[in-house]
Amino acid sequence: MSVVIKVEHLSKSYSIRHQGQSHYVALRDVIAEKVKGTLHKTKKLVTNKPVLKTPVKEEFWALSDINFEVQQGDRIGIIGRNGAGKSTLLKVLSRITEPTHGRISINGRIASLLEVGTGFHPELTGRENIFLNGAVLGMHRTEIKTKFDEIVNFSGVEKFLDTPVKRYSSGMYVRLAFAVAAHLEPEILIVDEVLAVGDAEFQKKCLGKMQDVSQKGGRTVIFVSHNMAAIESLCQQVILLNAGKQIFKGLTREGISNYLNNSFYSSSLLSLADRADRTGNGKVKFMDFKILDDNNEYVDSLLSGNTYTFELKYKNFSKLAFKNVKACLEIYDDRDNLVLFLRNDFTNDIIDINQDSGSIKCKIENLPLAMGTYYFALYISINDLETLDLIFNVKYTEVVGGNFFGTGSQGLPNQCKILTKTQWI
Amino acid sequence: MAEINNEFDLVIESGRSGKNYWNDLWRFRELFLFLAWRDILVRYKQTVIGLSWSLIRPFLTMVVMTIIFGKLAKMPTDGNVPYPILVYAAMLPWQFFSTSFSEASNSLITNSNMLTKIYFPRLIIPASTVIVNFVDFLISFIILIGLMIWYHFVPSWTILYLPLFLVLAFLSAIGAGLYVAALNVKYRDFRYIVPFVVQFGMYISPVGFSSNNIPEKWRLLYSINPMVGVIDGFRWSISGGESQVYLPGMFLSIGLIVILLIFSLWYFRKMEKSFADII
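These protein sequences, in sequence, are chains A and B.
Everything in the first sequence is counted per my numbering, starting at 149 for the first residue and increasing by one.
Everything in the second sequence is counted per my numbering, starting at 1019 for the first residue and increasing by one.
This is how it looks when you write it as structure tokens:
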């Protein structure tokens, strides 16, 4: 066993602009700032008074002081909440962006798969794209040629090889793209969340392929995912990141429970109104999330089979009322699997947003969840076009028991989280 | 330090990427070819007449230029070179330069997806754009041959110098393209500046007329535009020396092209590290 990756004191900072909201720097702004700067200096010279300069840029440390070693043949998972620095770490490892401080030493051919189908061109046929994408991922032409049939078989799009990929369904596109990637044979493979696409069966196939690659070939895999089940089945070790810092490195099981506790803990610490890790345009923000039982009393733990009302309090910052918005409530289990997805338009319920503040209520009868811990994600948008607010890890709640079936049975919570009544004849 | 460097194939550190850059460029040559191949394939997809576009565009521009400068403005030609050949000999390098320049300047942005997901020497992208245009450029030589046959114009030994000027045209396109491509990543203002420069450049370069129309005392100043050297060179070698070359101006143009290329490479390499972060 030899060390193939050694990361020492790795840090990466970005400067974030506060005033300039635009995505890119305009020449006009640069010139204007230069002029302003000179004016300030001359003013200072003349009046001899220091001029207050408003800070425009702020340093943001996406990664700070990361240290770890990876042995040959290791399968390492990198986990952490959104914005913890996982993707930045992968980008630095795969040389897309430079570290600010620190050093990474790598031994062996490295290939990174941060996205499936990078370099795919919609106008080209499947056949042409296999070659192109292979080259983008660092394969040689001869290598692609020898694996061509295997790739086509794996993808299952034989019939459409000479059709431009713009005519492909999204599923076919992803399958073809992953098929190319799966046949990469580097010594070190870096994979980001690519399994989040495609259907369940295909995901399983990919995971199996990755496992194969690392076990048989003795290859090293670094894998980022939010899917704890995938991490658990693929990786022996995990690195847990939080706000750019490495807070845990060790066995997978330990790391996952650490992560889950950590994310519940930190999210329950802050009130919803103060949470910054949210997406959306900020016109409307969720301020509070409460669960009421059928006596209209607030509860923290739930019983399966009972009736509950979820109350989503919001504040409207835009001073405009919004008609017919889409509100969505997602319930995740302790392995980060989405188990329930509730949305108002499924049931043709109409929700309008008041001008200032209010609450949205969602009532669920016969709660079909088995014992276990769950947490919520809230989402509100205008026709899926404009995200008003999206926030994960909202509340940590436990289903502690209950009598869903009316027979006293709890189901098998370790096997399946969803309960439903059936008749056996 | 030295020990660690020997132990590992690759060390990533801030400001270190320079060392194996040229090696990497060689290692990624296949990607370079594939990207060029992709752009050539895609270029005329879903067009009815396909490749003919690369013949029609310069041909029509040549016809218009001949009518405006040769017939209406009655500009003199060089020696007894037919005016269409005089114009077309200049159209070739100009069209190559202007399309490469404007496409290279946008190339990084149109490929931003690859830039943020995959490592490779970024130089590959604008360079492959220029190569694609070079292929178009070579194809449009067919029209020149057609014109020569039509006018019974026999080129002389000077045509042997043409490859030299081809290289010069290539270097000036790469030089200008790289610089603006890097600037465009940070300042999207160049999206608006580039088309303007191209349009303007056509009139200040001797495309529709011979640069012998420029008064002698202004010739050196006129040659500050590096395309003047390239275009005059093309004319001289294609017309068999009928178009006189103003030597001091030629050397000035060559010098400026070399300086531009070196400066652009330096600037591109300097900015390259931050492309993925700011694009």
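Note that beta-carbon positions come from the ideal geometry of N, C-alpha and C, so glycine has one too.
Output yes if chain B places a C-beta closer than 7 Å to the C-beta of residue i; else output no.
{"i": "A/A283", "result": "yes"}
{"i": "A/R315", "result": "no"}
{"i": "A/R367", "result": "no"}
{"i": "A/T248", "result": "yes"}
{"i": "A/L262", "result": "yes"}
{"i": "A/S161", "result": "no"}
{"i": "A/H269", "result": "yes"}
{"i": "A/L280", "result": "yes"}
{"i": "A/N444", "result": "no"}
{"i": "A/Q169", "result": "Confidence at A/Q169 is low in this model, with a pLDDT of 45, below 50, so the placement of that residue should be treated as unreliable; the coordinate-derived value is given next. Cβ-Cβ to chain B under 7 Å: no for A/Q169."}
{"i": "A/L200", "result": "Only weak support exists for where A/L200 lies, its pLDDT of 49 falling under 50; the coordinates are left without a value."}
{"i": "A/L324", "result": "no"}
{"i": "A/T457", "result": "no"}
{"i": "A/N215", "result": "no"}
{"i": "A/I336", "result": "no"}
{"i": "A/N255", "result": "yes"}
{"i": "A/I370", "result": "no"}
{"i": "A/I224", "result": "no"}
{"i": "A/R275", "result": "no"}
{"i": "A/I252", "result": "yes"}
By the DSSP assignment, the beta strand (DSSP E) with residue i in it spans what residues?
{"i": "A/R251", "result": "249 to 254"}
{"i": "B/L1265", "result": "Per DSSP, B/L1265 belongs to no beta strand (DSSP E); it is in the alpha helix (DSSP H), 1265 to 1290."}
{"i": "A/F437", "result": "432 to 440"}
{"i": "A/Q571", "result": "No beta strand (DSSP E) holds A/Q571; DSSP gives it neither H nor E."}
{"i": "A/D537", "result": "534 to 539"}
{"i": "A/R223", "result": "223 to 228"}
{"i": "A/D504", "result": "Taken as a continuous stretch (DSSP letters only), A/D504 belongs to no beta strand (DSSP E), as it is neither H nor E."}
{"i": "B/I1296", "result": "That residue, B/I1296, is in no beta strand (DSSP E); its alpha helix (DSSP H) goes 1293 to 1296."}
Counting only C-beta atoms, is residue i closer than 7 Å to chain A at any point?
{"i": "B/I1030", "result": "yes"}
{"i": "B/V1060", "result": "yes"}
{"i": "B/N1038", "result": "no"}
{"i": "B/R1056", "result": "yes"}
{"i": "B/M1132", "result": "yes"}
{"i": "B/D1027", "result": "yes"}
{"i": "B/A1294", "result": "yes"}
{"i": "B/M1019", "result": "Because the pLDDT at B/M1019 is just 38, under 50, the model does not fix this residue reliably, and the value given afterwards should be weighed accordingly. No, because no Cβ of chain A sits closer than 7 Å to the Cβ of B/M1019."}
{"i": "B/E1048", "result": "yes"}
{"i": "B/K1063", "result": "yes"}
Assuming residue i contacts residue j under a Cβ cut-off of 8 Å, what Cβ separation, rounded to an integer in Å, is found between them?
{"i": "B/I1256", "j": "B/I1177", "result": "7 Å"}
{"i": "A/Y527", "j": "A/K543", "result": "Not confirmed; about 14 Å, so no contact."}
{"i": "A/D574", "j": "A/K438", "result": "Absent from the structure is residue 574 of chain A, since the part of chain A shown begins at 149 and ends at 573."}
{"i": "A/F552", "j": "A/S452", "result": "4 Å"}
{"i": "A/F216", "j": "A/Q394", "result": "7 Å"}
{"i": "B/P1244", "j": "B/S1190", "result": "5 Å"}
{"i": "B/V1150", "j": "B/A1091", "result": "Not quite, the Cβ-Cβ distance comes to about 34 Å (not below 8 Å), so this is no contact."}
{"i": "A/N464", "j": "A/Q503", "result": "6 Å"}
{"i": "A/A325", "j": "A/G265", "result": "3 Å"}
Specify, as a first and last residue, the run of the alpha helix (DSSP H) that residue i falls within.
{"i": "B/I1161", "result": "1159 to 1168"}
{"i": "B/L1180", "result": "1180 to 1204"}
{"i": "A/D297", "result": "289 to 303"}
{"i": "B/Q1217", "result": "1208 to 1222"}
{"i": "A/L132", "result": "The question about residue 132 of chain A has no answer, for chain A in this structure spans 149 to 573."}
{"i": "B/L1069", "result": "Element bounds for B/L1069: n/a, residue is neither H nor E."}
{"i": "B/I1085", "result": "Segment: none, B/I1085 is in no alpha helix (DSSP H) and carries neither H nor E."}
{"i": "A/K234", "result": "234 to 241"}
Just to check, is the beta-carbon of residue i closer than 6 Å to a non-hydrogen atom of the ligand SAH?
{"i": "A/D493", "result": "Inclusion of the ligand SAH in the displayed structure is not the case, the ligand content being empty and no account of it being possible."}
Task: the stretch 1094 to 1111 of chain B / the stretch 1194 to 1213 of chain B touching (three or more Cβ pairs under 8 Å) - done: no
Open item on the list: Would you call the stretch 268 to 284 of chain A in contact with the stretch 241 to 260 of chain A, where contact means no fewer than 3 C-beta pairs closer than 8 Å?
Closed with: no
TODO: Pick out the complete alpha helix (DSSP H) segments inside the stretch 1097 to 1125 of chain B, 4 residues or longer, and give them in chain order.
DONE: none
- [ ] For the stretch 1071 to 1081 of chain B and the stretch 1122 to 1134 of chain B, state whether three or more C-beta atom pairs, one from each stretch, are separated by less than 8 Å.
- [x] no
Open item on the list: With three or more beta-carbon pairs closer than 8 Å as the criterion, would you say the stretch 216 to 235 of chain A touches the stretch 365 to 373 of chain A?
Closed with: yes
Open item on the list: Using 8 Å as the cut-off, can you tell me whether the stretch 1226 to 1241 of chain B makes contact with the stretch 1138 to 1149 of chain B, which would need three or more C-beta pairs spanning the two stretches below that distance?
Closed with: no
- [ ] Count the C-beta pairs between the stretch 1144 to 1164 of chain B and the stretch 1235 to 1251 of chain B that are closer than 8 Å, then say yes if the count reaches three, no if not.
- [x] no
Task: the stretch 486 to 499 of chain A contacting the stretch 1030 to 1050 of chain B, beta-carbon criterion three pairs below 8 Å - done: no
Task: Cβ contact check for the stretch 175 to 187 of chain A and the stretch 396 to 404 of chain A: 3 or more pairs under 8 Å - done: no
Open item on the list: For the structure I just gave you, are there three or more beta carbon pairs, one from the stretch 251 to 258 of chain A and one from the stretch 331 to 338 of chain A, closer than 8 Å?
Closed with: yes
Open item on the list: My parser needs the beta strand (DSSP E) runs of 3 or more residues fully inside the stretch 313 to 375 of chain A; what are they?
Closed with: 336 to 340, 368 to 372
Open item on the list: For the pair the stretch 1083 to 1102 of chain B and the stretch 1254 to 1268 of chain B, tell me if three or more CB-CB distances fall below 8 Å.
Closed with: yes
Task: At least 3 beta-carbon pairs within less than 8 Å: the stretch 546 to 566 of chain A vs the stretch 225 to 239 of chain A - done: no
Open item on the list: Under 8 Å, with one C-beta from each stretch per pair, do the stretch 1268 to 1283 of chain B and the stretch 1129 to 1139 of chain B reach the 3-pair mark?
Closed with: no
Task: Every unbroken beta strand (DSSP E) inside the stretch 384 to 412 of chain A [3 residues or more] - done: 385 to 390, 393 to 399
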